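Notes follow once the structure below has been shown.
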Amino acid sequence: MGFILSRFLTTGCRRDTRILMIGLDAAGKTTVLYKLKLGEVVTTVPTIGFNVESIQYKNILFSVWDVGGQDKIRPLWRHYYQNTYGVIYVVDS
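When the letters of the sequence shown are read in order and numbered with this note's numbering, they come out as residues 11 to 103.
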């Protein structure tokens, strides 16, 4: 993962980069999002729709879209792919 991130940061990618975070319901997507943003674990509630947060890392501003994972929301995921540079698929093991 570190190698991939290093390559990502040195390839001259856009300064504002949209990342889509998807996964099944209750997988921990929102927890991961706020751990990245705030550096701590916060109490969350199920996401209905989506959460969007901007996270600065070095010279890149990531716009991370955390999309709800409930059965009825999953068919809508395809609408979020446009203009997305990367996808994080969260799995609760």
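Idealized CB from N, CA, C, for every residue including glycine.
Predicted, not measured: the structure shown is a model, and the values here were computed from it.
When secondary structure is reduced to three states using DSSP, Tyr99 falls in the strand class. Ile58 sits exposed, since fewer than 16 C-beta atoms from the chains shown fall within 10 Å of its C-beta.
In the three-state reduction of the DSSP assignment, Arg25 falls in the coil class, being assigned neither a helical nor a strand state. When the five nearest sequence neighbours on each side are left out, the beta carbons in the same chain lying within less than 6 Å of the beta carbon of Thr94 are those of Arg28, Leu30, in order along the chain. With a cutoff of 7 Å on beta-carbon distance, Ile70 and Arg25 are scored as near each other. DSSP places Tyr44 in the uninterrupted alpha helix (DSSP H) bounded by 39-48.
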